[in-house]
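One structure below.
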Amino acid sequence: TREIHLASRPTGWPEPSNFELVETELPAPAEGQVLVRNLFMSVDPYMRGRMNDRRSYTPPFRIGAPLTGAAVGEVIESRAEGLAVGDLVRHQNGWREHTLLDASAAERLPGLSGISPSAYLGVLGMPGLTAYVGLLDIAGFKKGDAVFVSGAAGAVGGLVGQIARLKGASRVVGSAGSAAKVAHLQEALGFDAAFNYRDAPVAEQLNRAAPDGIDVYFDNVGADHLEAAIGALRVSGRVAMCGAIAAYNATEPPPGPRNIFLAVTKRLTLRGFIVSDHGDRTAAFVEEVGGWLRDGAVRYDETVTDGLENAPSAFIAMLRGENVGKMVVRL
Ligand code: NDP
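Be aware that the sequence shown starts at 3, since it is given in UniProt numbering, and climbs by one per residue.
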């Protein structure tokens, strides 16, 4: 079987040489363990942070050891009570074709009719919960709010816009990095307006897309997007600070928003969050978003790359914006 190790820490943008494909022996489960064949693994922006030698909210990946991350797989051998051959499980030992898991590390998943198991890595997984908690709890979204979300064609952003629309936003605006993504937001995901942040300054385009201002900004990008949103927010506006991907591969810290004093005059709330603190919202999230998915009210996009050997390039492609919806690797 094969796994991907971190060969060296990237400086700036990651490169294929930072990763190594390693052959290992297929292990046998001990008492209380299962052997899992991974079907899909996730590549996520936060993994870039773990490749640095700096403690953040998660510890750094180790050089010469397999990378980790969310994956879904099928139990192919079981010595654990409550887990049987054929069961679908979610766990954190991605970046490898097979893995041994203690029963406590394997979350048994219900099979989904008509939906790929990869949905458990996206719309029904960590990114989905991030969108749900960030919009509803952190930004305190209320019916009638005008919402702006950056990274809108990605896993988190695409769901933020759809939840806002389903819950009665007065206007939903998104930004993304290509004309095709902008068309997708408006035609497939029901955004009222969208723009390509590469076309002209974000502040200018946001003012055109939301001439009456916004109440909520869901920030996936930081930098010029955050500054533009602070400018466009109305009095008592709220920002869910979810990510700042524009800076993840930067070698110098990005400049801060030059208009931050507007947070005082407009009585803004800027609130950061980490989704793993909000596991108590999982049941409500699965119930509500799962229902929308079944009814076809929420659309779920993903970009699928095949083969473990292509996982590093899928990860880099995601950072470059080559994905629409959730980027996953099929193993
Ligand atoms: P996405 O599916 O959105 O993929 C990343 C996207 O970022 C790319 O497709 C690209 O789209 C966009 N991007 C890359 N560079 C830039 C840039 N310089 N400026 C603007 N956009 C850029 O990833 P996720 O949905 O998984 O994650 C979205 C954000 O949410 C990230 O910031 C991530 O770190 C954060 N996050 C935070 C969590 C938390 O607990 N706080 C949990 C999960 C995610 P484009 O073509 O539009 O440029």
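Glycine included, every Cβ here is placed at the ideal spot set by N, Cα and C.
In whole angstroms, what separates the C-alpha of Lys144 from that of Val175? About 16 Å.
Between Phe63 and the ligand NDP, is there a pair consisting of the residue's CB and a ligand heavy atom that are separated by less than 7 Å? No.
With a threshold of 16 other CB atoms inside 10 Å of the CB of Asp282, please say whether the residue is buried or exposed. Burial call: exposed.
Since Glu109 is in the beta strand (DSSP E), which residue starts that stretch and which ends it? Per DSSP, Glu109 belongs to the beta strand (DSSP E) from 109-111.
Which residues does DSSP list as the beta-bridge partners of Asn325? In the DSSP assignment, Asn325 is bridged to no other residue.
To the nearest angstrom, how far is the alpha carbon of Tyr48 from that of Val87? Straight-line Cα distance between these residues: approximately 32 Å.
Whole-Å CB distance - Ala148 paired with Asp217, under 8 Å assumed: Going by Cβ atoms, the distance from Ala148 to Asp217 rounds to 5 Å, so yes, they are a contact pair.
Look up Met128 in the DSSP assignment and give the residues it is bridged to. The bridge partners DSSP lists for Met128 come to none.
Considering Cα atoms alone, identify which of Glu324, Trp97, Arg167, His93 is closest to Ala108. Closest option to Ala108, Cα to Cα, is His93.
Could you tell me how far apart the beta carbons of Trp294 and Leu168 are, in whole angstroms, since I believe they sit closer than 8 Å? Contact holds; Cβ gap of about 7 Å.
Buried or exposed, going by whether 16 or more other CB atoms sit within 10 Å of the CB of Thr307? The C-beta of Thr307 has 16 or more other C-beta atoms within 10 Å across all chains shown, which makes the residue buried.
Straight-line gap, Leu191 to Tyr302 (C-alpha atoms, nearest Å): Per the coordinates, the alpha-carbon of Leu191 lies some 9 Å from the alpha-carbon of Tyr302.
Whose C-alpha, out of Lys183, Gly224, Ser115, Ala133, is nearest the C-alpha of Gly323? Nearest option by C-alpha distance: Lys183.
By how many angstroms is the C-alpha of Ile78 removed from the C-alpha of Leu321? C-alpha of Leu321 to C-alpha of Ile78: approximately 33 Å in a straight line.
Rounded distance between the beta-carbons of Ala231 and Tyr219, thought under 8 Å: With 8 Å as the limit, Tyr219 and Ala231 qualify as a contact, their Cβ atoms being about 4 Å apart.
Under three-state DSSP, which class holds Tyr134? Tyr134 carries a helical assignment under DSSP once its states are collapsed to helix, strand and coil.
When the Cα atoms are used, what is the spatial distance from Leu310 to Arg4? Rounded to whole angstroms, Leu310 to Arg4 spans 8 Å at the Cα level.
Compute the Euclidean distance between the alpha carbons of Arg240 and Arg273, then round it to the nearest angstrom. Those two C-alpha atoms are separated by around 8 Å.
Report the rounded CA-to-CA distance for Thr305 versus Ala178, giving the unit in angstroms. Each residue's alpha carbon lies about 16 Å from the other.
State the Cα-Cα distance for the pair Arg236 and Asp214, rounded to the nearest angstrom. Inter-residue distance for Arg236 and Asp214 is about 9 Å (C-alpha atoms, whole angstroms).
Under the criterion of a Cβ to heavy atom distance below 7 Å, does Met329 qualify as lining the ligand NDP? For Met329, the shortest C-beta to heavy atom distance toward the ligand NDP is below 7 Å.
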